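What follows is a single structure, written as structure tokens, with notes after it.
In this note's numbering, the protein residues as written are 223 to 852.
Okay, structure coming up:
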């Protein structure tokens, strides 16, 4: 191999010569050719006395590269011709041998001898130009388990290849002494286990080119994109669940889920394939969405009953998904209800209502959710004795009843006194119970004297030190002003009508004793989250008292409009804004009952249960509040 060569012819008894020199000046690898420079020189020891033009030529690789006329006079070395950038194409294998020659006229007599012309020829074995194969893949992207053709378009049939691939930490040879222009190979599915965090990856093929003599020519690379085929998604193998409350689970069964009460503890079993891992769980049930990285989770109490579907979707580290649904049977439950409670004095002997009766007849309707007939059921008839509720009767035999009747024994309730009653309904979940109220008044007495002789009752029972009047009264005038007392109500509250010895309401010339008796409790119904609101009023005093009671069985979102009660009478509504804090077991929840007479949303003019801070769910609340509607 060479990058330099000469050929020479002598003359003049060996005292002179003509020489052609070939010198490589560049290499073009992509074009597979060399660039050469050819130089023709003359040398003579002594002077040649000649000015005539002499003709010569140079050839390289079978082509004439120069011809022309020159002068040869003078002594020493003289350059006759120079040719640059002679392109010598190489063979397809990168190698090349080429011949070169010259012919030059002298036509001189030297030392008595005539020299006509001289010529010479030579050859060059060029250095090999590397011709490494440039591979490519067809197709450029395949699924694991499918085949790919690695195209190896050789520059020469004398070339062969060694092929290997790199994938993650692997370097594996797949072909040796491959003497074709392509190589077909199947991508092993076992490689999927290396690709744990994506569904797409790539491998690199390395192609080393050698000639048949084992000489290394060069190396080139190509890329193959790899795609995860179907069938490598994760698998959701099962969903198990139990009641989160251990006490409820023990009483009703671990798999018994109770509407509005039970939080469901769930566990999702899932497996990933070929080295992947489960990274995310997305659970949907009864309008709840519970996402996260854990296979286990606990729901909020389920609002629906019957068959409720839990759908769990898992995602693995490659982004592949799988889903499974589980039907959960939810047993119906509602907060106990009691309604249509009435109380009236009763004569046991005649079995009829009697204003003078000393027994009481209580009528009521109630309903308790059976919960697969495992729920507690208790209905208590009670009356108020001072500040304490005393139980008259308890029933535990039924989950519901319409217009039920309880009659006390005779002489239980004095005709001289008023009494308050309630029907209290309880189940397993509402230990404080749900109640509805009624009352009976004292029987009528035209005139009564207190035992200490210091009190008189007109139309009512007397109390010591008081004059009590409980019947309409028209009296004579006071300084010309007529008294007009209306005392039909059970409770007498007197309003001062004299100030600085002047009589109020002079224009009408009468003093009016105001009607300050309280109405019975009137229900506004139950709002959408399960809490009942009722009210009573005193038209004389222009006072209204509201009472709320129930279990919040639908989530009250923090800082939302909450849930309204409608149907409240317009003339009894507050005149301004009201905020009533509602104590409950959800600490620091911000639960309130509010009333806005003027607002831009649908709660305008309605009592509303809402939360000013946190979400509230499954708490029992009760209480009362009094305000003036004057």
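No residue lacks a Cβ here, since even glycine has one placed at the ideal position from N, Cα and C.
Given the structure is predicted, the values throughout are model-derived calculations rather than measurements.
Checklist entry - Between the C-alpha atoms of residue 302 and residue 311, what's the straight-line distance to the nearest angstrom? => result Residue 302 sits at position 80 when you count from the first residue of the chain shown. Residue 311 sits at position 89 when you count from the first residue of the chain shown. Rounded to whole angstroms, residue 302 to residue 311 spans 26 Å at the Cα level.
Next on the checklist: Could you pull the DSSP bridge partners for residue 397 from this structure?
Outcome noted: Working through the chain shown from its first residue, we reach residue 397 at position 175. Answer is 385, bridged to residue 397.
Item to check | Close-in-space but distant-in-sequence residues of the same chain around residue 240 (CB under 6 Å, 5 per side omitted) | outcome: Against the chain shown, residue 240 aligns to sequence position 18. Excluding sequence neighbours, residue 240 sits near 231, 264, 326 and 340.
Item to check | Selection from 333, 317, 409 and 335 that minimises the alpha carbon distance to residue 359 | outcome: What you label residue 359 is simply residue 137 of the chain shown in a count that begins at 1. When only C-alpha atoms are compared, the closest one is 409.
Item to check | DSSP three-state assignment for residue 736, whether helix, strand or coil | outcome: In the chain shown, residue 736 corresponds to position 514, counting from 1. Unreliable placement is indicated for residue 736, whose pLDDT of 43 sits below 50; the coordinate value is still reported in the next sentence. Taken through DSSP and simplified to helix, strand or coil, residue 736 comes out as coil.
Checklist entry - Considering residue 824, what are the terminal residues of the beta strand (DSSP E) in which it resides? => result Locating residue 824 in the chain shown gives position 602, where the first residue counts as 1. It is not in any beta strand (DSSP E) - residue 824 carries neither H nor E in the DSSP assignment.
Item to check | For residue 572 and residue 813, the rounded distance between their alpha carbons | outcome: The residue given as residue 813 occupies position 591 in the chain shown. The residue given as residue 572 occupies position 350 in the chain shown. Approximately 51 Å between the Cα atoms of the pair.
Item to check | Any non-hydrogen atom of the ligand MN within 8 Å of residue 671 CB | outcome: This structure simply doesn't include the ligand MN, nor any ligand for that matter.
Next on the checklist: Tell me which residue opens and which closes the beta strand (DSSP E) that residue 308 is part of.
Outcome noted: The count along the chain shown starts at 1 and reaches residue 308 at position 86. Residues 296-311.
Item to check | Limits of the alpha helix (DSSP H) - the one that residue 470 falls within | outcome: On the chain shown, residue 470 is found 248 positions in, with the first residue counted as 1. Residue 470 -> alpha helix (DSSP H) spans 468-474.
Checklist entry - What's the call for residue 401, buried or exposed, on a 16-neighbour Cβ count within 10 Å? => result Within the chain shown, residue 401 is the residue found at index 179, counting from 1. Its Cβ having fewer than 16 others within 10 Å, residue 401 is exposed.
Item to check | Residue closest to residue 385, alpha-carbon to alpha-carbon, out of 570, 554 and 395 | outcome: Residue 385 sits at position 163 when you count from the first residue of the chain shown. Nearest C-alpha to residue 385: 395.
Checklist entry - Under the three-state reduction of DSSP, which class applies to residue 209: helix, strand or coil? => result Residue numbering for the chain in the displayed model covers 223 to 852; residue 209 lies beyond these limits and cannot be assessed.
Next on the checklist: I need the straight-line Cα distance from residue 295 to residue 238, nearest angstrom please.
Outcome noted: Position 73 of the chain shown, counted from the start, is the residue given in the question as residue 295. Position 16 of the chain shown, counted from the start, is the residue given in the question as residue 238. The straight-line gap from Cα to Cα measures roughly 12 Å.
Next on the checklist: Quick check on residue 833: buried or exposed, where buried means 16 or more other Cβ atoms within 10 Å of its Cβ?
Outcome noted: Numbered from its first residue, the chain shown carries residue 833 at position 611. Per the 10 Å Cβ criterion, buried.
Next on the checklist: According to DSSP, residue 676 sits in a beta bridge with which residue or residues?
Outcome noted: On the chain shown, residue 676 is found 454 positions in, with the first residue counted as 1. DSSP lists no partner for residue 676.
Next on the checklist: Taking 8 Å as the cut-off, does the stretch 614-626 touch the stretch 661-671 (at least 3 CB pairs, one atom from each stretch)?
Outcome noted: The stretch 661-671 vs the stretch 614-626: no contact.
Next on the checklist: Give me, in chain order, the residues of the same chain whose beta-carbon lies closer than 8 Å to that of residue 529; leave out the 5 immediate sequence neighbours on both sides.
Outcome noted: Taking the first residue of the chain shown as 1, we reach residue 529 at position 307. Contacts found: 549, 550, 551 and 552.
Item to check | Test item: CB-CB of residue 844 and residue 770 under 9 Å | outcome: As a position in the chain shown, residue 844 is number 622, starting the count at 1. As a position in the chain shown, residue 770 is number 548, starting the count at 1. Yes, the Cβ-Cβ distance between residue 844 and residue 770 is below 9 Å.
Checklist entry - Does the stretch 244-254 come close enough to the stretch 272-279 to have 3 or more Cβ pairs within less than 8 Å? => result Result no; under three Cβ-Cβ pairs closer than 8 Å.
Checklist entry - Out of 519, 767, 846 and 566, which has the shortest C-alpha to C-alpha gap to residue 640? => result Within the chain shown, numbered from 1, the residue matching residue 640 stands at position 418. Comparing Cα positions, the closest option is 566.
Checklist entry - If you drop the 5 nearest sequence neighbours on each side, which residues of the same chain put their C-beta closer than 7 Å to that of residue 376? => result The sequence position of residue 376 within the chain shown is 154, counting from 1. For residue 376, where only same-chain residues beyond five positions count, the Cβ hits under 7 Å are 355 and 403.
Checklist entry - When DSSP labels each residue in this structure, what does residue 754 get in the three-state scheme? => result In the chain shown, the residue the question calls residue 754 occupies position 532. Of the three classes helix, strand and coil, the one that applies to residue 754 here is strand, per DSSP.
Next on the checklist: Tell me the DSSP secondary structure of residue 439 in three-state form.
Outcome noted: Stepping through the chain shown from its first residue, residue 439 is reached at position 217. If DSSP states are grouped into helix, strand and coil, residue 439 belongs with the strands.
Checklist entry - Are residue 681 and residue 666 closer than 9 Å when you measure CB to CB? => result Stepping through the chain shown from its first residue, residue 681 is reached at position 459. Stepping through the chain shown from its first residue, residue 666 is reached at position 444. In this structure, residue 666 lies closer than 9 Å to residue 681 by Cβ.
Checklist entry - Just reading off the beta strand (DSSP E) that residue 226 is part of, what are its end residues? => result Walking along the chain shown from the start, residue 226 turns up at place 4. Run containing residue 226: 226-233, per the beta strand (DSSP E) assignment.
Next on the checklist: Output needed for residue 728: all residues of its chain with C-beta closer than 7 Å, excluding positions within five of it in sequence on either side, in chain order.
Outcome noted: Residue mapping note: residue 728 aligns to position 506 of the chain shown, counting from 1. Because residue 728 carries a pLDDT of 46, less than 50, the predicted location of this residue cannot be relied on, and the following value inherits that uncertainty. Closer than 7 Å at Cβ, skipping near neighbours: no residue.
Checklist entry - Quick one: any contact between the stretch 488-495 and the stretch 454-473, if contact means 3 or more CB pairs under 8 Å? => result yes
Item to check | Which listed residue (271, 260 and 268) has its alpha carbon closest to that of residue 285 | outcome: One-based indexing of the chain shown puts residue 285 at position 63. The residue with the shortest Cα to Cα distance from residue 285 is 260.
Checklist entry - Considering only residues of the same chain and omitting the five flanking positions on each side of residue 850, which have a CB-CB separation below 7 Å? => result Locating residue 850 in the chain shown gives position 628, where the first residue counts as 1. Same-chain partners within the cutoff: 764 and 765.
Checklist entry - Candidates 503, 525, 531 and 387: which alpha carbon is nearest residue 519's? => result Numbered from 1 along the chain shown, position 297 holds the residue referred to as residue 519. Among 503, 525, 531 and 387, the Cα nearest to that of residue 519 is on 503.
Item to check | Exposure of residue 820, with buried meaning 16 or more beta-carbon neighbours within 10 Å | outcome: Translated into the one-based positions of the chain shown, residue 820 becomes position 598. Residue environment analysis places residue 820 among the exposed positions, since fewer than 16 neighbouring C-beta atoms fall within 10 angstroms of its C-beta.
Next on the checklist: Please report the straight-line C-alpha distance between residue 732 and residue 793, rounded to a whole angstrom.
Outcome noted: One-based indexing of the chain shown puts residue 732 at position 510. One-based indexing of the chain shown puts residue 793 at position 571. Any reading at residue 732 needs caution, since the residue's pLDDT is 43, under 50, leaving its predicted position unreliable; the model's value is listed next. If I take the Cα positions, the gap works out to 26 Å.
Checklist entry - Under the DSSP definition of a beta bridge, which residues are partnered with residue 644? => result Counting from one through the chain shown, the residue named residue 644 turns up at place 422. Partner(s): 604 and 659.
Checklist entry - Alpha carbon to alpha carbon, what distance is there between residue 638 and residue 564? => result Position 342 of the chain shown, counted from the start, is the residue given in the question as residue 564. Position 416 of the chain shown, counted from the start, is the residue given in the question as residue 638. Rounded to whole angstroms, residue 564 to residue 638 spans 20 Å at the Cα level.
Checklist entry - When DSSP builds the beta bridges, which residues end up paired with residue 458? => result Against the chain shown, residue 458 aligns to sequence position 236. Listed as beta-bridge partners of residue 458 by DSSP are 492.
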